[in-house]
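S.K.: Before I ask anything, let me first share the structure, which is written out below as structure tokens.
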Amino acid sequence: MTRSRITHAIGISASCADSVRRTVKSGLSDAESDHLAPAFVTHLFDTLESAALTQITAECLQEGSRVWEERREQPVPHDLPSPLPTKRNRTYSATVRAHSGPVYKGVCKNFSRSQGHGFIQPSHGGEDIFVHISDIEGEYVPVEGDEVTYKVCRVPPKNVKVQAVEVKITHLNPGTKHETWSGQIISS
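In structure tokens form, the structure reads like this:
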């Protein structure tokens, strides 16, 4: 791979490109280095986006950031993430354990749609339980005082704390306004 190819690919200096090439080659034998490093570096620069490039070296970021920002394309509307909540990734085993666990009852203590989380006060007492926006089922955004049912799932990495999953509002808090996920406001 030539210096001009790397420099052209992301707008960094030749010294920065050589630094990246040396880093890639350092973990390979001479034979592997001659064969694999150029292909790997080509693949690296062809596929990484600006967020990943900033992690290569501080030198590259300082030298190439101005050029990179000038070349960056504006996001296209279809590239933007959906404002509707989506399920977070859990391992299959964690999903099965949570799904097969008991159903608990509680009351929504607080929930912030903009922050994407809230807390449930368990009916049986004890510590408040964290709930993520992606674990709310149904068409309404929970508000303080809503009665809910939920299951629990241990939170990695230590698996000591739990969070609420499969949260369903069973009774809307009377006299409060509720919002649907699509933004429509209703009175309960």
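Numbering-wise, the numbering used here comes out as the position in the sequence shown, counting from 1, plus 3.
Glycine included, every Cβ here is placed at the ideal spot set by N, Cα and C.
To the nearest angstrom, report how far apart Asp131 and Ile123 are at their CA atoms.
M.R.: 6 Å
S.K.: Anyone know if the C-beta pair for Cys111 and Gly121 falls short of 8 Å?
M.R.: yes
S.K.: Which residues mark the beginning and the end of the beta strand (DSSP E) in which His102 is found?
M.R.: Note, His102: premise wrong, no beta strand (DSSP E); alpha helix (DSSP H) at 95 to 103.
S.K.: Counting pairs of Cβ atoms below 8 Å between the segment 171 to 184 and the segment 142 to 157, do you hit three or more?
M.R.: yes
S.K.: Using three-state DSSP, classify Ser137 as helix, strand or coil.
M.R.: helix
S.K.: Would Glu140 and Thr183 qualify as a contact pair, given that the criterion is a beta-carbon distance under 8 Å?
M.R.: no
S.K.: For Tyr153, count neighbouring C-beta atoms within 10 Å of its own C-beta (all shown protein chains included) and say buried if the count is 16 or more, exposed if not.
M.R.: Residue environment for Tyr153: buried (at least 16 other C-beta atoms within 10 angstroms of its C-beta).
S.K.: Which residue from Gly186, Gln187, Ala167 puts its Cα closest to that of Val106?
M.R.: Ala167
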